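Asks: Residue numbers 92 to 530, in the working numbering, belong to the letters of the sequence shown in order.
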Amino acid sequence: VWASSFLDERTAPLAFTVDSAALDAGLAKLEGNAEAGEPSLVASSDAITIISGTSGRRVEPARVREQILRRARSGEEPLIVTAEVTNNEPVVTDAEAKALAGKLTYGTANGMAITAGNQKATIPAATVRSWLGSKVTNGQLEATLDAKKAMAVLTKAIPIATKARNAKIALVNGTPTIAPSQDGQKCCAADTPARVLDALNKGVGAATINLEIDKAGFTTEAANKLGIKEPVGTLTEWDGRPQVKSFTTYFDPSGGGRVTNIHRIADLVNGTLVKPGKTFSINDTVGERTAEKGFVLAGAISEGEHVEEIGGGVSQFATTMFNAAYFAGLDITKYQAHSEYFTRYPRGREATMGFPEPDMAWKNDTPYGIIVGTSRTPDSVTVTLYSTQHAYGEQTGSAEERSGNCTIVTTQRTIHLPGNKTTTDEFRARYRDPGKTTC
92 VWASSFLDER TAPLAFTVDS AALDAGLAKL EGNAEAGEPS LVASSDAITI ISGTSGRRVE
152 PARVREQILR RARSGEEPLI VTAEVTNNEP VVTDAEAKAL AGKLTYGTAN GMAITAGNQK
212 ATIPAATVRS WLGSKVTNGQ LEATLDAKKA MAVLTKAIPI ATKARNAKIA LVNGTPTIAP
272 SQDGQKCCAA DTPARVLDAL NKGVGAATIN LEIDKAGFTT EAANKLGIKE PVGTLTEWDG
332 RPQVKSFTTY FDPSGGGRVT NIHRIADLVN GTLVKPGKTF SINDTVGERT AEKGFVLAGA
392 ISEGEHVEEI GGGVSQFATT MFNAAYFAGL DITKYQAHSE YFTRYPRGRE ATMGFPEPDM
452 AWKNDTPYGI IVGTSRTPDS VTVTLYSTQH AYGEQTGSAE ERSGNCTIVT TQRTIHLPGN
512 KTTTDEFRAR YRDPGKTTC
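1) When DSSP builds the beta bridges, which residues end up paired with residue 446?
2) Just checking my contact of residue 415 with residue 442 at CB under 8 Å: how many whole Å lie between their CB atoms?
3) Indicate the three-state DSSP secondary structure (helix, strand or coil) for residue 214 in the structure shown.
4) In terms of residue numbering, what span does the alpha helix (DSSP H) encompassing residue 257 cover?
5) Please tell me whether residue 332 and residue 342 are closer than 9 Å, where the distance is taken between their beta carbons.
6) Which value, in whole angstroms, describes the spacing of the CA atoms of residue 94 and residue 148?
7) Residue 209: buried (16+ other C-beta within 10 angstroms of its C-beta) or exposed?
8) With DSSP run on the structure shown, which of helix, strand or coil describes residue 435?
9) Return yes when the Cβ of residue 526 is within less than 9 Å of the Cβ of residue 506, no when it is not.
10) Please classify residue 169 as buried or exposed, where buried requires at least 16 other C-beta atoms within 10 Å of its C-beta.
11) In this structure, does DSSP put residue 358 in helix, strand or coil?
12) When burial is assigned at 16 or more other CB atoms within 10 Å of the CB, is residue 373 buried or exposed?
13) How far does the beta strand (DSSP E) with residue 494 in it extend, from its first residue to its last?
14) Under a three-way DSSP split, which group does residue 92 fall into?
15) If you run the structure through DSSP and keep just helix, strand and coil, what is residue 194?
16) Buried or exposed: where does residue 295 fall if 16 or more other Cβ atoms within 10 Å of its Cβ makes it buried?
17) Kindly list the residues whose CB is nearer than 7 Å to the CB of residue 253, restricted to its own chain and excluding five residues on each side of it in sequence; keep chain order.
18) Just to confirm before moving on: does the CB-CB distance between residue 404 and residue 445 stay below 9 Å?
19) Using the rule of at least 16 other Cβ atoms within 10 Å of the residue's Cβ for burial, across every protein chain shown, is residue 447 buried or exposed?
20) Secondary structure at residue 154, three-state DSSP: helix, strand or coil?
21) Restricting to Cα atoms, I'd like to know which of 128, 192 and 182 is closest to residue 135.
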């Protein structure tokens, strides 16, 4: 009672609104409601013709909305309105469309002559017409061109004017040398579809288009930035001979097939470029050793037994590569020592090979590129890594312990890094005793 003393009764008229979106959607579903269809071009191998335009019908929502509101306010039931239908005609006439079709048919009658620099090609009429379509813009029917189709045809029809050439880093008399890159020219420039369409709209059966620059994938600038300029590593000694920023191992020159295989794998690896952050793998670079690649039968070890196989002896090269990477201070990511020791290799600092495993691999963890250089003589093979001197490694420890019929050899490497920093890692080899096949 107390609360009701604050209230008075009053009368207010009802306010009606119409949901315009719902009204438009409902009217659009009425039978016979349709947009006008503009005429369009249709291409065939013989000519360009048209599909005629069609009239449209539309129920005007403004009149319907007005009737709904008036009858709702009057309380009339049922609420009945009368819809007015308006006929809509195409903006473009069939006559205008036929005129455009006729001009395009005439302009493509003999195909299209394309000139791109010194290159010329004639595209057949049926092909050119298959590129065409139409659209209405600002009340005018315009020809359109399928750019993707046109570019695909023209790219094949117009030969490459000048091939792009990548920069190459090669070793010339032991010196890293850059052969400069060169950009090329090829079909077609990005504005080619517009140029072709412009010619067709003028009724001309010829167009001159521009070639586009074909950028070299590896530029002279990029090659220079890799900083490949000198042998890297340090001074060490092996087999009583100095090893100066490279590593050399020696073998019996009368080894026949073994020597052939060592020389062959060195030749295949020579000149390999390893960019910063990338990993060099002998197996990835050379692949399986086969007769087709120039390898021959030679001695090898398989399951602890001495056998003959294609590519035997390439472990000599793997060991040489291992030591070059070792003294260059690189991250050696894959290696496996021989199961028996051979005096032609540094004890505990060597690697065997197989396919697909064992492999010998290292990662270029420097900011510079590395070129693998190899050289060979009748009794030696050398690996030199060319880059910018960044780090180097040295053997700072070696220990041996017995394990059954085997000796485990552990070597410690100290890597000297920029800024007087150092880090160490270890490498292990397990050698079985002479005459034994297992440990």
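Even for Gly, the Cβ is constructed at its ideal location relative to N, Cα and C. Note that the structure is a prediction, hence the values are computed from the model and not measured.
Replies: Taking the structure as given:
1) Taking the first residue of the sequence shown as 1, we reach residue 446 at position 355. Within the DSSP bridge table, the entry for residue 446 names no partner.
2) Within the sequence shown, residue 415 is the residue found at index 324, counting from 1. Within the sequence shown, residue 442 is the residue found at index 351, counting from 1. At roughly 11 Å, the Cβ-Cβ gap does not stay under 8 Å, so residue 415 and residue 442 are not in contact.
3) Within the sequence shown, numbered from 1, the residue matching residue 214 stands at position 123. In the structure shown, residue 214 sits in a strand (DSSP, three-state: E or B).
4) Position 166 of the sequence shown, counted from the first residue, corresponds to residue 257. Per DSSP, residue 257 belongs to no alpha helix (DSSP H) and is neither H nor E.
5) Translated into positions along the sequence shown, residue 332 becomes position 241. Translated into positions along the sequence shown, residue 342 becomes position 251. Cβ distance not < 9 Å, so residue 332 and residue 342 don't count as in contact.
6) Mapped onto the sequence shown, residue 94 falls at position 3. Mapped onto the sequence shown, residue 148 falls at position 57. No answer about residue 94 holds up, because its pLDDT of 49 lies below 50 and its placement is not dependable.
7) As a working mapping, residue 209 is identified with position 118 in the sequence shown. Under a 10 Å Cβ-count criterion, residue 209 is classified as exposed, with fewer than 16 other Cβ atoms of the shown protein chains found around its own Cβ.
8) Here residue 435 refers to the residue found at position 344 of the sequence shown. Three-state result, residue 435: coil.
9) Within the sequence shown, the letter at position 415 stands for residue 506. Within the sequence shown, the letter at position 435 stands for residue 526. Between residue 506 and residue 526, the C-beta spacing is not below 9 Å.
10) The residue you call residue 169 lines up with position 78 of the sequence shown. Result: exposed.
11) Numbered from its first residue, the sequence shown carries residue 358 at position 267. If DSSP states are grouped into helix, strand and coil, residue 358 belongs with the helices.
12) Position 282 of the sequence shown, counting from 1, holds the residue named residue 373. Classification of residue 373: buried, given that the 10 Å Cβ count is 16 or more.
13) Here residue 494 refers to the residue found at position 403 when the sequence shown is read from its first residue. Per DSSP, residue 494 is one residue of the beta strand (DSSP E) stretching across 483–494.
14) Along the sequence shown, one-based indexing puts residue 92 at 1. For residue 92, the pLDDT reaches just 49, beneath the cut-off of 50, and the residue's location in the model is therefore unreliable, leaving the point undetermined.
15) Translated into the one-based positions of the sequence shown, residue 194 becomes position 103. Residue state, collapsed to three classes: helix.
16) By one-based count along the sequence shown, residue 295 stands at place 204. The Cβ neighbour count for residue 295, taken over all protein chains shown within 10 Å, is under 16; the residue is labelled exposed.
17) Here residue 253 refers to the residue found at position 162 when the sequence shown is read from its first residue. When the five nearest sequence neighbours on each side are left out, the beta carbons in the same chain lying within less than 7 Å of the beta carbon of residue 253 are those of 275 and 276, in order along the chain.
18) For this step, residue 404 is matched to residue 313 along the sequence shown. For this step, residue 445 is matched to residue 354 along the sequence shown. A distance of 9 Å or more separates the beta carbons of residue 404 and residue 445.
19) Stepping through the sequence shown from its first residue, residue 447 is reached at position 356. With fewer than 16 Cβ atoms within 10 Å of its Cβ, residue 447 is classed as exposed.
20) Within the sequence shown, numbered from 1, the residue matching residue 154 stands at position 63. It is helical.
21) Reading the sequence shown from its first residue, position 44 is the one you call residue 135. Residue nearest to residue 135 within the set 128, 192 and 182 is 192 (criterion: CA-CA distance).
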